[in-house]
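The opening residue of the sequence shown carries number 7 in the numbering used here; numbering runs sequentially from there.
Ideal Cβ positions, reconstructed from N, Cα and C, are used throughout, including at glycine.
Small disclaimer: the values here were computed from a predicted structure and weren't measured.
In what follows, a single structure is set out as structure tokens and then discussed.
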Amino acid sequence: MAAERECGDQPLRFYLEAIGCEATTAAAVVAARSAAAAAREDPKRPTPPPEQLHDRNEAAAREAPAGAGKGEPSPQWRELERRVASCRSCALAERRTQTVFGSGDPDAELLLIGEAPGRDEDLQGEPFVGRAGRLLNRMLEAIDLTREAVQVINVVKCRPPNNRDPRPEEIAACRPFIEAQIRLVAPRVILLLGRVAACAMLGEQRPLSVLRHRWHRIEGIPTLVTYHPAFLLRTPARKADGWSDLLQLRARLEAERGTARR
Ligand code: URA
């Protein structure tokens, strides 16, 4: 209750509860409170209340021409998917059950990039379907997004053995596919999940603590770095910090939508 009162219109308590964070933990409340304040600091990038975001999404859906966008893959997207499915450019191809191309809306305004498929993803052919995926869903819901509305991919399309980090040569082999996906989705904003994705995509071998908190650009697209959901499962004390990233993301998405309408 205290957290809700302190942070005004931010659905902080909902978020903290949804992602399994103790809302009453003093550290969590303090971290989340300063995150909410930081997100409100820039008057050019206001964080609208969630109901406003809903209205805009619904309005955009109404304005879209019949049959346009929303989930319908283009022929180029389909072709890319076929090329990925038959790729044997690196050793990961030998042990995979299947490639994990991506999931969600191929015209999404938000593109999330994670690390690599794990066991569940390799079996099901979809990114983020395990426990980390369920946490990711709740994180998105907390900022009024759904998995269906965003596009989720990884820096490599095949599962590394024993869930080790993907190697530089494996990431390099997949890079043309990732770049093609970024160009085809043409999202307003990119969110990088965790250190491996951040270092791979930004080409900077620096700690996550240095890469978070500021905006980067990939192919000109505003890009933010946050914790990997699997890390948050192991380190729940950081979940409140992750909330500050989500607020920043939501504010930027809103600002980018506004710029596009002008
Ligand atoms: N972790 C990732 O980075 N990607 C997945 O698809 C699943 C877990």
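Inset, instruction - Could you tell me whether the Cβ atoms of Pro235 and Leu151 are closer together than 9 Å? - result: no
Inset, instruction - Report yes if the C-beta of Gly131 is less than 8 Å from at least one heavy atom of the ligand URA; otherwise report no. - result: no
Legend entry - Sequence-distant residues of the same chain with beta carbon closer than 7 Å to Pro133, five excluded per side: Val106, Gly108, Ser109, Gly120, Pro123, Glu127, Val158, Ile159 and Asn160
Inset, instruction - Would you check if the distance between the CB atom of Val195 and the CB atom of Leu116 is smaller than 9 Å? - result: yes
Inset, instruction - Would you mind reading off the limits of the alpha helix (DSSP H) that contains Pro213? - result: From DSSP, Pro213 is part of no alpha helix (DSSP H); its letter is neither H nor E.
Legend entry - Pair within 9 Å by beta-carbon distance, Val269 and Pro112: Nothing in the structure corresponds to residue 269, since the chain is present only between 7 and 268.
Inset, instruction - Consult DSSP for Gly110 and reduce its assignment to one of helix, strand or coil. - result: strand
Inset, instruction - Taking only the alpha-carbon atoms, compute the straight-line gap between Pro182 and Arg220 and give it to the nearest angstrom. - result: 26 Å
Inset, instruction - Would you kindly check if the distance between the Cβ of Arg218 and the Cβ of Thr232 is under 9 Å? - result: yes
Legend entry - beta-carbon Ala236 near the ligand URA non-hydrogen atom, thresh 8 Å: yes
Inset, instruction - Determine, using beta carbons only, whether Pro193 and Arg201 come nearer to each other than 9 Å. - result: no
Inset, instruction - Would you kindly report the start and end of the unbroken beta strand (DSSP E) that includes Arg223? - result: His222 to Ile224
Inset, instruction - Would you kindly report the start and end of the unbroken beta strand (DSSP E) that includes Gln157? - result: Gln157 to Asn160
Inset, instruction - Using 10 angstroms around the beta-carbon of Gly209, count the other beta-carbons present and answer buried if the total reaches 16, otherwise exposed. - result: exposed
Inset, instruction - Label Glu85 either buried or exposed according to how many other C-beta atoms from any shown protein chain fall within 10 Å of its C-beta, with 16 as the threshold for buried. - result: exposed
Inset, instruction - Please state if the CB of Glu225 and the CB of Ile188 are separated by a distance shorter than 9 Å. - result: yes
Inset, instruction - In angstroms with no decimal places, state the Cα-to-Cα distance between Ala223 and Arg125. - result: It is worth fixing the name first, because residue 223 is Arg in this sequence and not Ala. When rounded, the distance between both Cα atoms is 31 Å.
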